[in-house]
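Enquirer: Can you read through this structure? Questions will come right after.
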Amino acid sequence: MTLKQVLDQTRQIFITNKIEEASLESEILLRYTLDMDRAGLYSGLDREISDDEKDIFWNLVHRRVSGEPTAYITGHREFYGLDFYIDHRVLIPRPETELLVDKALELAQIRILTAVADIGTGCGAIAISLARQLPGLKIYASDVSADALEVARINCQKHGVVESVRLLHGDMLEPLPEPVDLIVANLPYVTGEEISRSALADFEPFIALDGGDDGLDKITRLCEQATDKLCQGGGMLLEIGLGQRRAAVGLINRHFPSAPVEVIPDLQGIERVICLCLTPN
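Residue numbers (the working numbering): 10 to 290.
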């Protein structure tokens, strides 16, 4: 069986099982099995796959068809052009979360940022992406999960930002040693009902998904803590879920009544990021 035949067969299996991006997923799993880059794979499509390679590959395909995300199978996920180590201790970074990095970099062009906090850092994707884009910036990355911080530490070492990203274990803003200019947070915002209806918690850590009954429990607590953890003229960037705009903006207005609020849609038009900037006293 040639590599091309393997790809074609796997693509059809994934399509039948309603797995999105079937061609890409097939390619990623085959490249992972063969330890081969994309150019190497497509230049050798006529070669035969060995029996050992075939056994390994079809096991991976079975895991994917069973619902396990590819990022957990391969231990890799790309985010903001960087390759991150991923395992079941952390949430898999989503493409829409790159909006938080985009907006933070935009703010860095119009105001001086000396210290930033990434709250609920998980694998460290946001903090590390900012550290690579803004050398010299002091970044605090906190998480309530010590297991998640171990994964973030691996990624900090991998991307050479150990000196600029300080990992903090604790509940959201509580471990911050000082006020910061910007808080960036992709906190759990999935409702309990949504979790119960999906297979998310079968593979991803429940603690990284559960936002309570309305999905806003963690964002509420962050806003309550933020008053004393933001410098004068500081700001916050928060990721929210589908249909949460009105409730989230209302919550922020209660805690920061004079702060202008901007809501930014993702590429699918879903209102995804809330940006607020405090007015300097």
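C-beta atoms are modelled at their ideal positions from N, C-alpha and C, and glycine is treated no differently.
Give me, in chain order, the residues of the same chain whose beta-carbon lies closer than 7 Å to that of Ile-283; leave out the 5 immediate sequence neighbours on both sides.
Expert: Leu-247, Ile-249, Ala-257, Val-258, Ile-261, Val-270, Val-272
Enquirer: How far does the beta strand (DSSP E) with Asp-222 in it extend, from its first residue to its last?
Expert: Careful: Asp-222 lies outside any beta strand (DSSP E) and carries neither H nor E.
Enquirer: With a threshold of 7 Å on Cβ separation, who are the neighbours of Phe-265 within its own chain once the five nearest residues in sequence on each side are excluded?
Expert: Leu-285, Leu-287
Enquirer: Look up Arg-120 in the DSSP assignment and say whether it is helix, strand or coil.
Expert: coil
Enquirer: Inspect the beta-carbon positions of Leu-191 and Leu-69 and report whether they are closer than 8 Å.
Expert: no
Enquirer: Among Arg-255, Pro-78, Asp-223, which residue has its Cα nearest to the Cα of Arg-103?
Expert: Pro-78
Enquirer: With DSSP run on the structure shown, which of helix, strand or coil describes His-71?
Expert: helix
Enquirer: Of the choices Leu-16, Leu-182, Arg-255, whose alpha-carbon is the least far from that of Asp-223?
Expert: Arg-255
Enquirer: Which residues in the same chain as Asn-164 place their Cβ atom closer than 7 Å to its Cβ, once the five residues preceding and following it in sequence are excluded?
Expert: Phe-93, Tyr-94, Cys-132, Gly-133, Ile-137
Enquirer: Using C-beta distances below 8 Å, list every residue in its chain close to Asp-211, excluding the 5 sequence neighbours before and after it, in chain order.
Expert: Gly-76
Enquirer: Just the Cα atoms here: how many angstroms apart are Asn-290 and Tyr-89?
Expert: At Asn-290 the pLDDT is 49, less than 50, meaning the model places this residue with poor confidence; the figure from the coordinates comes in the next sentence. Rounded to whole angstroms, Asn-290 to Tyr-89 spans 35 Å at the Cα level.
Enquirer: Helix, strand or coil for Asn-290 per DSSP?
Expert: For Asn-290, the predicted model reports a pLDDT of 49, less than 50, meaning its position is unreliable; a value from the coordinates is still stated below. Here Asn-290 sits in coil by DSSP.
Enquirer: Which ranges would you report for the beta strand (DSSP E) in the stretch 16-91 if only whole runs of at least 3 residues count?
Expert: 85-88
Enquirer: What is the DSSP secondary structure of Gly-201, reduced to helix, strand or coil?
Expert: helix
Enquirer: Do Gly-129 and Asp-96 come within 8 Å of each other at the CB atom, strictly closer than that value?
Expert: no
Enquirer: In the DSSP assignment, the beta strand (DSSP E) including Gln-241 goes from what residue to what residue?
Expert: 239-248
Enquirer: Residues bridged to Ala-194 by DSSP?
Expert: Ile-128, Leu-247
Enquirer: Closer than 8 Å by C-beta to Asn-26: which residues in its own chain qualify, once you throw out the five before and the five after it? Chain order, please.
Expert: Excluding sequence neighbours, Asn-26 sits near Val-74.
Enquirer: Under 8 Å, do Val-110 and Ile-82 count as touching if we go by C-beta distance?
Expert: no
Enquirer: Would DSSP call Asp-96 helix, strand or coil?
Expert: coil
Enquirer: Give a single yes or no on whether Ile-192 has its beta carbon closer than 7 Å to a heavy atom of the ligand GDP.
Expert: Because no ligand of any kind appears in the structure shown, any question about the ligand GDP cannot be addressed here.
Enquirer: Check the DSSP bridge columns for His-178 and list the partner residues they point to.
Expert: Asp-152
Enquirer: Take the Cβ of Gly-244 as the centre, count every other Cβ of all protein chains shown within 10 Å, and call the residue buried at 16 or more, exposed below.
Expert: buried
Enquirer: Mark Ser-32 as exposed unless 16 or more other C-beta atoms lie within 10 angstroms of its C-beta, in which case mark it buried.
Expert: exposed
Enquirer: Determine the extent of the beta strand (DSSP E) in which Ile-273 is found, giving its start and end residues.
Expert: 270-274
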